[in-house]
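The next block holds one structure in the form of structure tokens; read it before the comments.
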Amino acid sequence: MTISVPRGTKDILPDEALIWQRVESKAKLLFDAYSYNEIRTPIFESSELFLRGIGEESDIVSKEMYSFTDRSERELTLRPEGTASIARAYINHNFHRHSSKQKLYYSGPMFRYERPQAGRYRQFHQMGIENIGSKSPSADAEVISIGYQLFKSLGLKNLTVNLNTIGDISSRSKIGELVKDHVNKKDTSEFEVRFFETLNKNPLRLLDSKSKKIQELFSDFPDIYDVLNEESKNYFDKVCHYLKILEVPFKVNSKLVRGLDYYSHTVFEIISDELGAQNTLCGGGRYDELIEQLGGPKVPAIGFAFGMERLILLLQSQTISFSKLKPIFIAPIHESAYEYSLLLSQRLRLLGINCFLDDTPSSLGSQLKKASNLNATTVIIIGEEEVNNKTVTLKNLKTSDQKTIALSDIETQLKDTHV
Numbered sequence: 001m002t003i004s005v006p007r008g009t010k011d012i013l014p015d016e017a018l019i020w021q022r023v024e025s026k027a028k029l030l031f032d033a034y035s036y037n038e039i040r041t042p043i044f045e046s047s048e049l050f051l052r053g054i055g056e057e058s059d060i061v062s063k064e065m066y067s068f069t070d071r072s073e074r075e076l077t078l079r080p081e082g083t084a085s086i087a088r089a090y091i092n093h094n095f096h097r098h099s100s101k102q103k104l105y106y107s108g109p110m111f112r113y114e115r116p117q118a119g120r121y122r123q124f125h126q127m128g129i130e131n132i133g134s135k136s137p138s139a140d141a142e143v144i145s146i147g148y149q150l151f152k153s154l155g156l157k158n159l160t161v162n163l164n165t166i167g168d169i170s171s172r173s174k175i176g177e178l179v180k181d182h183v184n185k186k187d188t189s190e191f192e193v194r195f196f197e198t199l200n201k202n203p204l205r206l207l208d209s210k211s212k213k214i215q216e217l218f219s220d221f222p223d224i225y226d227v228l229n230e231e232s233k234n235y236f237d238k239v240c241h242y243l244k245i246l247e248v249p250f251k252v253n254s255k256l257v258r259g260l261d262y263y264s265h266t267v268f269e270i271i272s273d274e275l276g277a278q279n280t281l282c283g284g285g286r287y288d289e290l291i292e293q294l295g296g297p298k299v300p301a302i303g304f305a306f307g308m309e310r311l312i313l314l315l316q317s318q319t320i321s322f323s324k325l326k327p328i329f330i331a332p333i334h335e336s337a338y339e340y341s342l343l344l345s346q347r348l349r350l351l352g353i354n355c356f357l358d359d360t361p362s363s364l365g366s367q368l369k370k371a372s373n374l375n376a377t378t379v380i381i382i383g384e385e386e387v388n389n390k391t392v393t394l395k396n397l398k399t400s401d402q403k404t405i406a407l408s409d410i411e412t413q414l415k416d417t418h419v
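Position 225 of the sequence shown, counting from 1, maps to 225 under our numbering, and the rest follow consecutively.
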């Protein structure tokens, strides 16, 4: 019986992997430009990290985590998201003693037991950034701008930045009480136990529920902004101001709160109309209490993460292509030319030139056919004459032109067009 990949996972084959490489490369170049440094954390962590960081009542912790007990009776979990791990690493390695501010980015597989659907898997991959140590509204605007710039640079269209604030601790508490008062005035006899559990433990979560019934219940809920204290209002106003300066278009969505317990003040999503119901490309927000909550110092922070699978799906649906650099085909047409060709191929590869050397020398016609099948545009032909004279013959498969040049000139000839 054939063994298949587990439900909710997938193989990323070479053609698709090329798109992944281009996206990751663009993202890392952009993150580098903003002085973010890469950090890599373990795939599994202590389960307690996510219980305390994400919140016991969150859907992720209560329904979606892959947790297990190891042979030493330790409770471990395959990471369902990246921020809690970054916060844990920040504390463990005393980052705050080295610098008051840290800009970090990460990428890698995450795990959640969800119903698989287009762009959503049980093993999925995220890239994200965390700006730790800054309490300035300009940091919020910078983080949002980086996400928006990345997706624009990939050629995506019809992007919307949904933005909101849930204020500081006192404002969040006030909003929570307002949610409870609002529900108490409504007929909720048809709602399930889960609804009331969320209402009691994290009432803000109900505001951006995907349930149509719950959305209707809060259709006349007041604008969160009007409930905020003056400090929280001023903070959000400045975030909006900086986004306008950075020319990042946004819409304020007063129902947006995001699904994690650690958020405060700014929360945002970048969505695409091309993705249908599951239209969120990227999500993030400010989490000024998380690091302290996990046992570290009180340090403000903001970040975002995006799912690679969903982004790749959108790129493919919009027929945005990433061409692979075409290889140079090296064709030794005599056994005596193979060693010469082998050394040449190594020399070119060390320069970053993509080349293909046929390890079974055959006729020139046969090798030209192989080169064409590989979409090569240049063939380096090497026979006895080229070996004796220390030359190579370059053939352009598009024009059929060919010329013989000195071996010493090969780097100059190819570097501009094939690196």
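The beta-carbon is built from N, C-alpha and C at its ideal position, and this holds for glycine as well.
- Helix, strand or coil: which one does DSSP assign to histidine 125? Numbered from its first residue, the sequence shown carries residue 125 at position 125. It is a strand residue.
- Bridge partners of methionine 110, per DSSP? Your numbering for residue 110 matches position 110 in the sequence shown. DSSP output for methionine 110 lists Phe124 as bridge partner(s).
- Taking DSSP as the reference, what is the three-state secondary structure of valine 23? In the sequence shown, the residue the question calls residue 23 occupies position 23. Three-state DSSP puts valine 23 in a helix.
- In the DSSP assignment, find the unbroken beta strand (DSSP E) run with glutamate 45 in it and report its ends. Along the sequence shown, one-based indexing puts residue 45 at 45. Where glutamate 45 is concerned, the enclosing beta strand (DSSP E) stretches over 44-46.
- Task: In the DSSP assignment, find the beta strand (DSSP E) that holds histidine 96 and state where it starts and stops.
- Result: Start at 1 with the first residue of the sequence shown, and residue 96 comes out as number 96. Run containing histidine 96: none in the beta strand (DSSP E); it sits in the alpha helix (DSSP H), 95-98.
- Quick check: the stretch 299-314 against the stretch 81-90, are there 3 or more CB pairs under 8 Å? yes
- Task: Leaving out five residues on either side along the sequence, give the residues of the same chain with a beta carbon under 8 Å from the beta carbon of lysine 26.
- Result: Reading the sequence shown from its first residue, position 26 is the one you call residue 26. Leu150, Ser153, Leu154, listed in sequence order.
- Task: Mark asparagine 253 as exposed unless 16 or more other C-beta atoms lie within 10 angstroms of its C-beta, in which case mark it buried.
- Result: Working through the sequence shown from its first residue, we reach residue 253 at position 253. With 16 or more other Cβ atoms within 10 Å, it is buried.
- Comparing alpha-carbon positions, which option in Ala87, Ser58, Ser4 lies nearest glutamate 45? For this step, residue 45 is matched to residue 45 along the sequence shown. It is Ala87 whose Cα lies nearest to the Cα of glutamate 45.
- Selected residue, minimal CA-CA separation from glutamate 335, among Leu357, Lys326, Pro361, Asp226: Your numbering for residue 335 matches position 335 in the sequence shown. Among Leu357, Lys326, Pro361, Asp226, the Cα nearest to that of glutamate 335 belongs to Pro361.
- Message: Cutting at 7 Å between CB atoms, please list the residues of its own chain near glutamate 289, excluding the five before and the five after it.
- Response: Along the sequence shown, read from residue 1 onward, the residue named residue 289 stands at position 289. Cβ within range, chain order: Tyr262, Ser264.
- Message: Are the CB atoms of methionine 1 and glutamine 126 within a distance shorter than 8 Å?
- Response: Within the sequence shown, the letter at position 126 stands for residue 126. Within the sequence shown, the letter at position 1 stands for residue 1. Not closer than 8 Å, so no.
- Which residue comes first and which comes last in the alpha helix (DSSP H) that contains alanine 141? Working through the sequence shown from its first residue, we reach residue 141 at position 141. Unbroken alpha helix (DSSP H) run through alanine 141: 137-153.
- Would you please state the rounded distance, in angstroms, between the beta carbons of isoleucine 43 and proline 109? I believe it to be under 8 Å. Position 43 of the sequence shown holds residue 43. Position 109 of the sequence shown holds residue 109. Going by Cβ atoms, the distance from isoleucine 43 to proline 109 rounds to 7 Å, so yes, they are a contact pair.
- Task: Under 8 Å by Cβ, that's how I've got valine 227 and serine 171 pegged, so tell me the actual separation to the nearest angstrom.
- Result: Numbered from 1 along the sequence shown, position 227 holds the residue referred to as residue 227. Numbered from 1 along the sequence shown, position 171 holds the residue referred to as residue 171. Rounded, the Cβ-Cβ distance is 7 Å, consistent with contact.
- Could you tell me which of Glu292, Thr165, Leu204, Lys186 sits nearest to lysine 251, measuring between CA atoms? Along the sequence shown, one-based indexing puts residue 251 at 251. Minimum Cα distance to lysine 251 is reached at Thr165.
- Message: Taking only three categories from DSSP, how would you classify proline 203?
- Response: Here residue 203 refers to the residue found at position 203 when the sequence shown is read from its first residue. In the structure shown, proline 203 sits in a helix (DSSP, three-state: H, G or I).
- Stretch-stretch touch, CB-based, cutoff 8 Å, three pairs: the stretch 136-147 with the stretch 235-248: yes
- Nearest residue (CA-CA) to phenylalanine 221, options Val239, Glu190, Glu177: On the sequence shown, residue 221 is found 221 positions in, with the first residue counted as 1. Of Val239, Glu190, Glu177, the residue nearest in Cα terms is Glu177.
- Query: Does the distance from the C-beta atom of glutamate 384 to that of threonine 393 stay below 8 Å?
  - Reply: Against the sequence shown, residue 384 aligns to sequence position 384. Against the sequence shown, residue 393 aligns to sequence position 393. Not a contact, by the Cβ cut-off of 8 Å.
- Message: Beta-carbon within less than 6 Å of isoleucine 60's beta-carbon, same chain only, minus the 5 sequence neighbours each way: which residues are those?
- Response: Sequence index remark: in the sequence shown, residue 60 carries index 60 (1-based). Same-chain partners within the cutoff: Ile54, Pro80.
- Spatial neighbours of proline 116 within its chain, please: CB distance less than 8 Å, with the 5 preceding and 5 following residues excluded, ordered by chain position. Translated into the one-based positions of the sequence shown, residue 116 becomes position 116. Within the same chain, proline 116 has close Cβ partners Arg7, Gly8, Arg122.
- Indicate whether leucine 364 and alanine 331 have their beta-carbon atoms separated by less than 8 Å. By 1-based counting over the sequence shown, the position of residue 364 is 364. By 1-based counting over the sequence shown, the position of residue 331 is 331. In this structure, alanine 331 lies closer than 8 Å to leucine 364 by Cβ.
- Task: Thinking leucine 397 and valine 379 are a contact (beta carbons under 8 Å), I'd like their distance in whole angstroms, please.
- Result: Residue mapping note: residue 397 aligns to position 397 of the sequence shown, counting from 1. Residue mapping note: residue 379 aligns to position 379 of the sequence shown, counting from 1. Rounded, the Cβ-Cβ distance is 6 Å, consistent with contact.
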